[in-house]
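Taken in order, these protein sequences are the chains called G and X. All residue numbers in the first sequence are consecutive under numbering that gives the first Met the number 0, ending with 473. All residue numbers in the second sequence are consecutive under numbering that gives the first Met the number 0, ending with 473. Everything on this sheet refers to the single structure shown next.
2 protein chains.
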Amino acid sequence: MPGLIGRLPTRLPPTFKSLFQNVANPPEKIESVCGWIKSVRLMKKMAFVDLQDGTTPYPLKVIIRRDGNDLDSQLLKQLRTGQSLRVKDALWKPTPTRQQPFELEASVSSFQIIGQVCDTYPLQKKYHSLAYLRSNPVLKHRSNYLGALMRFRSQVETSLIRFFNEHDFTKVSPPVLTSGDCEGAGELFRVESNSRLTDKSSYFGAPTYLTVSTQLHLEVLAMALNRCWTLTPCFRAEESDTNRHLAEFWMLEAEMCFVDNVQDLTMFAESMFKFVVQQCLLNQAILLPSVIPPENADDSETIIARWKSLLASEWPRLTYSAAIELLLKQHAIEEFKFIPEWGKDLKSEHEKWLASHLQSPVFVTDYPRDCKAFYMKQNTDNTVACFDLIVPQMGEVIGGSIREDEYDTLMQELSRRGMKHNDLEWYTSLRQNGSVPHGGFGLGLERFVSWLFGAHNIRDAIPFHRSAGGSIDM
Amino acid sequence: MPGLIGRLPTRLPPTFKSLFQNVANPPEKIESVCGWIKSVRLMKKMAFVDLQDGTTPYPLKVIIRRDGNDLDSQLLKQLRTGQSLRVKDALWKPTPTRQQPFELEASVSSFQIIGQVCDTYPLQKKYHSLAYLRSNPVLKHRSNYLGALMRFRSQVETSLIRFFNEHDFTKVSPPVLTSGDCEGAGELFRVESNSRLTDKSSYFGAPTYLTVSTQLHLEVLAMALNRCWTLTPCFRAEESDTNRHLAEFWMLEAEMCFVDNVQDLTMFAESMFKFVVQQCLLNQAILLPSVIPPENADDSETIIARWKSLLASEWPRLTYSAAIELLLKQHAIEEFKFIPEWGKDLKSEHEKWLASHLQSPVFVTDYPRDCKAFYMKQNTDNTVACFDLIVPQMGEVIGGSIREDEYDTLMQELSRRGMKHNDLEWYTSLRQNGSVPHGGFGLGLERFVSWLFGAHNIRDAIPFHRSAGGSIDM
Numbered sequence: 000m001p002g003l004i005g006r007l008p009t010r011l012p013p014t015f016k017s018l019f020q021n022v023a024n025p026p027e028k029i030e031s032v033c034g035w036i037k038s039v040r041l042m043k044k045m046a047f048v049d050l051q052d053g054t055t056p057y058p059l060k061v062i063i064r065r066d067g068n069d070l071d072s073q074l075l076k077q078l079r080t081g082q083s084l085r086v087k088d089a090l091w092k093p094t095p096t097r098q099q100p101f102e103l104e105a106s107v108s109s110f111q112i113i114g115q116v117c118d119t120y121p122l123q124k125k126y127h128s129l130a131y132l133r134s135n136p137v138l139k140h141r142s143n144y145l146g147a148l149m150r151f152r153s154q155v156e157t158s159l160i161r162f163f164n165e166h167d168f169t170k171v172s173p174p175v176l177t178s179g180d181c182e183g184a185g186e187l188f189r190v191e192s193n194s195r196l197t198d199k200s201s202y203f204g205a206p207t208y209l210t211v212s213t214q215l216h217l218e219v220l221a222m223a224l225n226r227c228w229t230l231t232p233c234f235r236a237e238e239s240d241t242n243r244h245l246a247e248f249w250m251l252e253a254e255m256c257f258v259d260n261v262q263d264l265t266m267f268a269e270s271m272f273k274f275v276v277q278q279c280l281l282n283q284a285i286l287l288p289s290v291i292p293p294e295n296a297d298d299s300e301t302i303i304a305r306w307k308s309l310l311a312s313e314w315p316r317l318t319y320s321a322a323i324e325l326l327l328k329q330h331a332i333e334e335f336k337f338i339p340e341w342g343k344d345l346k347s348e349h350e351k352w353l354a355s356h357l358q359s360p361v362f363v364t365d366y367p368r369d370c371k372a373f374y375m376k377q378n379t380d381n382t383v384a385c386f387d388l389i390v391p392q393m394g395e396v397i398g399g400s401i402r403e404d405e406y407d408t409l410m411q412e413l414s415r416r417g418m419k420h421n422d423l424e425w426y427t428s429l430r431q432n433g434s435v436p437h438g439g440f441g442l443g444l445e446r447f448v449s450w451l452f453g454a455h456n457i458r459d460a461i462p463f464h465r466s467a468g469g470s471i472d473m
Numbered sequence: 000m001p002g003l004i005g006r007l008p009t010r011l012p013p014t015f016k017s018l019f020q021n022v023a024n025p026p027e028k029i030e031s032v033c034g035w036i037k038s039v040r041l042m043k044k045m046a047f048v049d050l051q052d053g054t055t056p057y058p059l060k061v062i063i064r065r066d067g068n069d070l071d072s073q074l075l076k077q078l079r080t081g082q083s084l085r086v087k088d089a090l091w092k093p094t095p096t097r098q099q100p101f102e103l104e105a106s107v108s109s110f111q112i113i114g115q116v117c118d119t120y121p122l123q124k125k126y127h128s129l130a131y132l133r134s135n136p137v138l139k140h141r142s143n144y145l146g147a148l149m150r151f152r153s154q155v156e157t158s159l160i161r162f163f164n165e166h167d168f169t170k171v172s173p174p175v176l177t178s179g180d181c182e183g184a185g186e187l188f189r190v191e192s193n194s195r196l197t198d199k200s201s202y203f204g205a206p207t208y209l210t211v212s213t214q215l216h217l218e219v220l221a222m223a224l225n226r227c228w229t230l231t232p233c234f235r236a237e238e239s240d241t242n243r244h245l246a247e248f249w250m251l252e253a254e255m256c257f258v259d260n261v262q263d264l265t266m267f268a269e270s271m272f273k274f275v276v277q278q279c280l281l282n283q284a285i286l287l288p289s290v291i292p293p294e295n296a297d298d299s300e301t302i303i304a305r306w307k308s309l310l311a312s313e314w315p316r317l318t319y320s321a322a323i324e325l326l327l328k329q330h331a332i333e334e335f336k337f338i339p340e341w342g343k344d345l346k347s348e349h350e351k352w353l354a355s356h357l358q359s360p361v362f363v364t365d366y367p368r369d370c371k372a373f374y375m376k377q378n379t380d381n382t383v384a385c386f387d388l389i390v391p392q393m394g395e396v397i398g399g400s401i402r403e404d405e406y407d408t409l410m411q412e413l414s415r416r417g418m419k420h421n422d423l424e425w426y427t428s429l430r431q432n433g434s435v436p437h438g439g440f441g442l443g444l445e446r447f448v449s450w451l452f453g454a455h456n457i458r459d460a461i462p463f464h465r466s467a468g469g470s471i472d473m
């Protein structure tokens, strides 16, 4: 079976990415290349046009030879940032001493403006504040920084798929429409067929919600497939409107059988995280933006240093109880806003201090039972076999646990919490039919991506964000 | 940067898949292996236990040496289908003359039942009808056939990611929550924060729906990234309850710039489809089920023959007008239920006849403008530059088009259809700012997966289906 790549439509012009990858074996001439004008500089004998096509962080430099006649000048004066352009029969000129290893050279007559821009086209200047870009969701992805962030997210997804494939996980798609609240925690979105709203009937015959976590369904699938994972939208109708919250976000959830120890889970999560970082480092040249907004974003050196430091050593683990002790010692030196107290969940300020104190991502394990969800495996000391992975600046990015696999213990816990047994019979029945020790975790993709990329607002890590106080105009 | 694979938790037992892949370099002894009992046969001197762990279509055969004492017999008599089991210190015995190239051998004392099953555990017999399995959504994925279908879907997703990466596409995640109906076609699901339902306020300040297609948002992203794609849940509150409809399904949508010809699009779609099929053939040994349900599912030989025939030649293209001519000729020989007529959409019976007549997937292009959505590029003869890919038995699996990239033509079409300009201003403004010829297509993942797998009901291609007349109990 021969490769099919050669059969692709030849009339699609090459992407800039493919041109940059072709430097070792350049063609003499590029028949056709298309992109958007990023900048134009007119000189006496030539013009310099920087094109972008959204597949690379760097522009493609095209030199236009002027022959000085009037028509020629008129045409060149029409060129504007944001226009789309086709260049035919451009010559490949190696420029080995410059940052960009080649330029294209073409005559004026080989240029064709494909699409015009409004006079008010806003992406004129080199720098735009993120706040400004966010106010223009239709055009913002054309900026160097947010375009790079989209490509970065795509690369992270690819790395995750490779990692889970290499460990024999099956990728699955649990339902988005569900009848219940997996953890009893989140604010829910309710769903109904639009045409049923008037007659008050119900499409599914029961109240229907958007999922907040697919974990319970994943457990069903893990009992059949051993190891499974998903990357799926989840929804929380939270009313808090911060740069760490989204009403619609993508969650990676993984579930694996025959694991009975929370440290095995943390080691797996650390390997996954580090694999993604390795891939980031290997592809840094095409991943990092060439323009960093002046506010609220880390520069490339900072990002690469962080990636390298993540791989340098094994990350620390400490139990929740040990974390509380550390926090209380610190509280004696410099007071937190909230007093650390055994039995209460860690506050964001506590998490951030721990990670910054240890200068590393840190796994905090074995939280008090009442801080966590009903399905977690119970230890003997009123704690559960769970972990949170906390990273500097951001706080929690991964949360996971061993699941309670004993039927009686699980049923007692449901009763203790006053939860209805009937609604969860499908779930608890798993413990009566070939139950095995198992566990898993969830990772919010936008948090993960924005933290790795050094972006300080997770809303930039999803193309069009949905959040409290946000609009849904487009 | 060394590989991280070696750092994975050693206490996780190997998957069966990894054991089968290790045949060339087998260990002498397997420290620990875990799975679920598929069948048990007790003999005088030994017992045969078939285990499954959901990572392979074939069971792992384990031979238990009996030493004939009473305790030994009692333990073995407790073994039941569906129980989870741990086997320690099993010896690797090559069996080069059999289908399975090795067996494991262990003593009775090395067996441990991890989890019991109910006396009524239903997956006893070798064959279960699909109808029966569907009635048991918690256990059905443990069946050989539906487990294989889940792994197959996962493999298809992996192939798609590889294909799009190789062609410089960025994977993106357009919003699921939207304010409008992309095509004005589907029945919509309405969404509201549960806590806002009582006071009739609105979380987003405007009516909010679940997306029926992400195409319009993808076009925004394509204008920034050149080529992008997504795999995302879409929702249609259709009232038809057939084995070809889902209320929640996953859709692949791809959008690419600088394509102005529908034949370039069809060639790209054909390459994508064939790449996936190539990967299926390469991995057939671990993909195909070992047990095919007696009803409504193709056997492995049929499936492999179909995969090979898909790669054998270029697929036929014909225009809608040519298709109508063919259909009318056939109608004169043997009447269709619906008379083929230029200007009306093709019925399912017409599509199926065309694909079966041509014995191949077939691209039908250039449908009448009024059969298709507003955004398609207009030809000069009241048709639009679009295509449907029709496959035998199933009908349409991919639909795509060149998009109308001229502002004035697009606005006139909106007016002609009586559509509000305001709601789509964000979309139409793309045509005023660096517009380029572009196009794309959508593919329903469950249709694609079930057709390739020879499964006749798309509801089996998603772990827990949501559809009209279905329940949402779990």
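All C-beta atoms in this analysis are idealised placements derived from N, C-alpha and C, irrespective of residue type, glycine included. Note that the coordinates shown come from a computational prediction; the quantities given were computed from them, not determined experimentally.
Item: Assumed close pair residue 514 of chain X, residue 437 of chain X - CB separation to whole angstroms, cut-off 8 Å; Value: Because chain X in this structure spans residues 0 to 473, residue 514 of chain X falls outside the shown range and cannot be described.
Item: Segment limits, alpha helix (DSSP H) that includes residue 72 of chain X; Value: 69-76
Item: Three-state secondary structure assigned by DSSP to residue 146 of chain X; Value: helix
Item: Amino acids of chain G, ordered along the chain, whose beta-carbon sits closer than 7 Å to that of residue 164 of chain X; Value: 157
Item: Beta-bridge partners of residue 437 of chain X, as assigned by DSSP; Value: X:256
Item: Residues bridged to residue 226 of chain G (per DSSP); Value: G:255
Item: Proximity of residue 443 of chain G and residue 163 of chain G at Cβ, strictly below 7 Å; Value: no
Item: Coil, strand or helix - residue 212 of chain X by DSSP; Value: coil
Item: Under 7 Å by beta carbon: chain X residues contacting residue 412 of chain G; Value: Neighbours of residue 412 of chain G on chain X: none; closest Cβ ~18 Å, over 7 Å.
Item: With 16 other Cβ atoms within 10 Å as the buried cut-off, status of residue 2 of chain G; Value: Its pLDDT being 42, under 50, residue 2 of chain G is placed unreliably in this model, and the value from its coordinates should be taken loosely. The residue in question, residue 2 of chain G, is exposed, as its Cβ has fewer than 16 Cβ neighbours within 10 Å.
Item: C-beta neighbour in chain G for residue 236 of chain X, strict 7 Å; Value: yes
Item: Length-filtered (4 minimum) alpha helix (DSSP H) runs lying within the stretch 97-152 of chain X; Value: 129-133
Item: Short CB-CB distance (under 7 Å) between residue 438 of chain G and chain X; Value: no
Item: Cross-chain neighbours of residue 189 of chain X in chain G, by beta carbon under 8 Å; Value: 190, 191, 192, 193 and 196
Item: The stretch 240-264 of chain G: positions lying closer than 9 Å to chain X by Cβ; Value: 246, 247, 249, 255, 256, 257, 258, 259, 260, 262, 263 and 264
Item: Contact test: residue 431 of chain X Cβ vs the ligand GDP heavy atom, cutoff 6 Å; Value: Ligands are entirely absent from the displayed structure, and the ligand GDP is therefore not among its contents.
Item: Cβ of residue 443 of chain X within 7 Å of any chain G Cβ; Value: no
Item: Beta-carbon proximity check, residue 384 of chain G vs residue 359 of chain G, cutoff 7 Å; Value: no
Item: Chain G contacts made by the stretch 139-158 of chain X, where a contact means CB separation under 7 Å; Value: 140, 141, 146, 149, 150, 153, 156 and 157
Item: Per-residue DSSP class, three states only, for residue 407 of chain G; Value: helix
Item: Cβ of residue 52 of chain X within 7 Å of any chain G Cβ; Value: yes
Item: Nonlocal neighbours in the same chain, by C-beta distance under 7 Å from residue 0 of chain G, ignoring five residues either side; Value: Low per-residue confidence applies at residue 0 of chain G: pLDDT is 40, beneath 50, and the placement is therefore not dependable, though the value from the model is reported in the following sentence. If we look at residue 0 of chain G and ignore the five residues flanking it on each side, it has no Cβ neighbours.
Item: Contacts of residue 397 of chain G in chain X (Cβ-Cβ under 9 Å); Value: Ordered by position in chain X, no residue passes the 9 Å Cβ test against residue 397 of chain G, which lies about 16 Å from the chain.
Item: Any alpha helix (DSSP H) of 4 or more consecutive residues that is wholly inside the stretch 16-82 of chain G; Value: 69-76
Item: Status (buried if at least 16 other CB within 10 Å, exposed otherwise) for residue 42 of chain X; Value: exposed
Item: Residue 299 of chain G versus residue 454 of chain G - alpha carbon distance; Value: 11 Å
Item: Segment contact flag, the stretch 288-298 of chain G with the stretch 112-129 of chain G, C-beta cutoff 8 Å, min 3 pairs; Value: yes
Item: Coil, strand or helix - residue 203 of chain X by DSSP; Value: coil
Item: Per-residue contacts from residue 393 of chain G into chain X (C-beta, under 8 Å); Value: By Cβ distance, chain X contributes nothing, its closest Cβ being about 20 Å from residue 393 of chain G, past 8 Å.
Item: Where residue 444 of chain G sits in the DSSP three-state scheme; Value: helix
Item: Chain X within 7 Å of residue 3 of chain G, Cβ atoms only; Value: Reliability fails at residue 3 of chain G, whose pLDDT of 44 lies under 50, so the model's placement of it is uncertain and the value that follows must be treated cautiously. For residue 3 of chain G, the answer is yes, since a Cβ of chain X falls inside 7 Å of its Cβ.
Item: Contact check, residue 207 of chain X vs residue 471 of chain G, beta carbons under 7 Å; Value: yes
Item: Distance CB(residue 389 of chain G)-CB(residue 353 of chain G) smaller than 7 Å; Value: yes
Item: CA-to-CA distance, residue 381 of chain G to residue 4 of chain G, given in whole angstroms; Value: Unreliable placement is indicated for residue 4 of chain G, whose pLDDT of 42 sits below 50; the coordinate value is still reported in the next sentence. Computed Cα separation, rounded: 58 Å.
Item: Per-residue contacts from residue 433 of chain G into chain X (C-beta, under 7 Å); Value: 35, 81, 82, 83, 114 and 116
Item: Where the stretch 12-25 of chain X meets chain G: residues whose CB sits under 7 Å from a CB there; Value: 12, 14, 16 and 17
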